[in-house]
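Novice: To start, I am sharing the structure in question, which I have written as structure tokens.
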Amino acid sequence: MLPLSLLRAAKDREILVELTNGETYNGKLVKCDAYMNMVLDDVILTTRNASRFFQLSECYLRGNCIKSVRLSKEAIDNIPQDQLNSRHNQARSISRKPTFGGKRGGNSRGRGRGNGRGNGRGNGRGNGRGRGQ
1 MLPLSLLRAA KDREILVELT NGETYNGKLV KCDAYMNMVL DDVILTTRNA
51 SRFFQLSECY LRGNCIKSVR LSKEAIDNIP QDQLNSRHNQ ARSISRKPTF
101 GGKRGGNSRG RGRGNGRGNG RGNGRGNGRG RGQ
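At position 101 of the sequence shown the residue is numbered 101 (full-length UniProt numbering), and the sequence of numbers has no breaks.
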């Protein structure tokens, strides 16, 4: 199960979000996008050392500041069973051939054009960087 799928399944449920600065936000998830930006309703904000509490009607949390998210048991049970067994959640190695090398696999010859020999010092055809004769 991917984290974004879990968050989308937890829409309209109570969640607890901890930020990288130590603050925690406890509220109802209204929206979540692909960057994990969230909008929460009826929020209780707890400061880093838990010395102060604030009640907010709505807040926006930026995804790159989120450290952890805690979902309730009922939010996890809310995920449809077919979504748990979808093709995206199965091991990717089952359907892939083994590859060797970088992004392009093992049989690519690099990024250049042509036959891969370059234009180095000249090939006798006058198109190199050698001495001008």
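Yeah, the Cβ is synthetic: ideal placement off N, Cα and C, and Gly gets one too.
Looking only at its own chain, which residues have a Cβ that is under 8 Å from the Cβ of T24, when we skip the five neighbours before and after it?
Specialist: In the sequence shown, counting from the first residue as 1, residue 24 sits at position 24. Correct list, in chain order: L16, V17, E18, L45, T46.
Novice: Would you mind working out which of M36, N26, R70, R48 sits nearest E58, comparing C-alpha positions?
Specialist: Sequence index remark: in the sequence shown, residue 58 carries index 58 (1-based). Ranking the options by Cα distance to E58, first place goes to N26.
Novice: The alpha helix (DSSP H) with E74 in it runs from where to where?
Specialist: What you label residue 74 is simply residue 74 of the sequence shown in a count that begins at 1. Looking at the DSSP string, the run of the alpha helix (DSSP H) that includes E74 is 73–77.
Novice: Report back the beta-carbon spacing between K28 and R13 to the nearest angstrom; my notes put them in contact at under 8 Å.
Specialist: By 1-based counting over the sequence shown, the position of residue 28 is 28. By 1-based counting over the sequence shown, the position of residue 13 is 13. Their Cβ separation, rounded to whole angstroms, is 7 Å, which keeps K28 and R13 in contact under 8 Å.
Novice: Taking the alpha-carbon positions, what's the L71 to A10 distance?
Specialist: For the purposes of this step, residue 71 is identified with residue 71 of the sequence shown, where counting begins at 1. For the purposes of this step, residue 10 is identified with residue 10 of the sequence shown, where counting begins at 1. Computed Cα separation, rounded: 7 Å.
Novice: If you reduce the DSSP assignment to three classes, tell me which class L6 lands in.
Specialist: Sequence index remark: in the sequence shown, residue 6 carries index 6 (1-based). L6 falls in the helix class under three-state DSSP.
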